[in-house]
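Before any comments, here is the structure.
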Amino acid sequence: MRVHGSCHCGAIQFSGEVDPTQVVVCHCDDCQILSGAPYRAVISAPMDTFEISGAPRTYVKVAQSGNRRAQVFCPDCGTALYGAAAEHPTHAVLRLGCLAERDQLRPSRQIWTHSAADWTAALGDVPASPAQ
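In the working numbering, the protein residues as written are 1 to 132.
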């Protein structure tokens with residue numbers, strides 16, 4: 001499936017091919033802090049299918065494993081766009097919130113659940129409103 005994404009201000013546009021059955025929700029501490037949310041939903045696109053326009057910035061973090069991961073974001077609006085290996089990346093791990101097709105991409109698994117906020121499992125029970 002071809003997906004298309006952009007940052008909030010529109011300065012950066014990207015697209016890539018993904019397997020829609022491979023959406024992951026990550027609850028690790030790094031994803032929580034870097035996204036500013038209790039978890040991050042992602043899907044991987046092979047770099048040979050990935051196209052980007054604009055001039056993103058990159059922050060390289062070191063994971064618990066010692067792996068260096070590039071965190072790519074818009075320098076104007078700050079939107080987190082994707083992550084990848086810092087050297088010789090084979091995949092861009094796209095942030096679902098940036099994708100136009102996000103409603104079609106249902107998570108298939110969750111990882112680092114030992115770091116998950118206890119209340120995330122009960123979100124379905126929280127009263128909801130279709131608008132503010």
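The beta-carbon is built from N, C-alpha and C at its ideal position, and this holds for glycine as well.
In this text, all values refer to a predicted model and were calculated from it rather than measured experimentally.
Where residue i sits in the DSSP three-state scheme
i, result
"residue 115", "helix"
"residue 13", "strand"
"residue 49", "helix"
Nearest-angstrom beta carbon gap, residue j and residue i [assumed within contact, 8 Å]
i, j, result
"residue 43", "residue 94", "5 Å"
"residue 29", "residue 129", "With a Cβ gap of about 30 Å, residue 29 and residue 129 do not count as contacting."
"residue 4", "residue 100", "5 Å"
"residue 98", "residue 7", "7 Å"
Cβ pair residue i, residue j closer than 8 Å
i, j, result
"residue 73", "residue 50", "no"
"residue 46", "residue 90", "yes"
"residue 144", "residue 18", "Examination of residue 144 is not possible in this model, given that the chain is present from 1 through 132 alone."
"residue 70", "residue 83", "yes"
"residue 120", "residue 38", "yes"
"residue 23", "residue 41", "yes"
"residue 27", "residue 104", "no"
"residue 81", "residue 33", "no"
Unbroken beta strand (DSSP E) run spanning residue i, endpoints
i, result
"residue 71", "68-73"
"residue 96", "Unbroken run through residue 96: none, as it is neither H nor E."
Start-to-end residues for the alpha helix (DSSP H) that takes in residue i
i, result
"residue 31", "29-35"
Beta-ladder partner(s) of residue i, from DSSP
i, result
"residue 22", "Paired residue(s): none; residue 22 is not in a bridge."
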